[in-house]
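Heads up: the sequence shown is residues 16 to 86, going by the numbering used here.
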Amino acid sequence: TEHGFGAEPASAVRMLCACCSEGTHQQEREVRAGAQAVSLAAPEPEARLLLERWAGEKAIGRGWSGLERVG
């Protein structure tokens, strides 16, 4: 991301065979609406700040909850 941290929606994770995962596998990305689980690679204070900023970009319809540290 522009802040140097990584983010990946859980819906984007796909299981591929070894051949496809090691080569160039064409896949179509879709944008899903509604609640989603997202893995965010950032220190907790920065993650909270980024999530608050993201939620504040729209007057209606954005929010976040359940930030958990993993690992």
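Idealized CB from N, CA, C, for every residue including glycine.
Identify whether residue i lies in helix, strand or coil by the three-state DSSP scheme.
i: PRO58; result: coil
i: GLU72; result: coil
i: ALA48; result: coil
i: GLU37; result: helix
i: GLU17; result: coil
i: GLU67; result: helix
For residue i, collect the residues of the same chain with a Cβ closer than 8 Å to its Cβ; drop the 5 residues on either side in sequence, then sort them by chain order.
i: PHE20; result: LEU55, ALA56, ALA57, GLU61, ALA62, LEU65
For chain C, find out if any of its Cβ atoms is closer than 8 Å to the Cβ of residue i; answer yes or no.
i: GLY49; result: The question asks about chain C, but that chain is absent: this structure has only one protein chain.
Can you round the beta-carbon distance between residue i and residue j to whole angstroms, since I take them to be within the 8 Å contact cut?
i: ARG84; j: GLU59; result: 6 Å
Cutting at 7 Å between CB atoms, please list the residues of its own chain near residue i, excluding the five before and the five after it.
i: GLY69; result: Before going on, a small fix: residue 69 reads as Trp here, not Gly. The residues are ARG77.
Return the bridge partner residues of residue i from the DSSP annotation.
i: VAL53; result: PRO24
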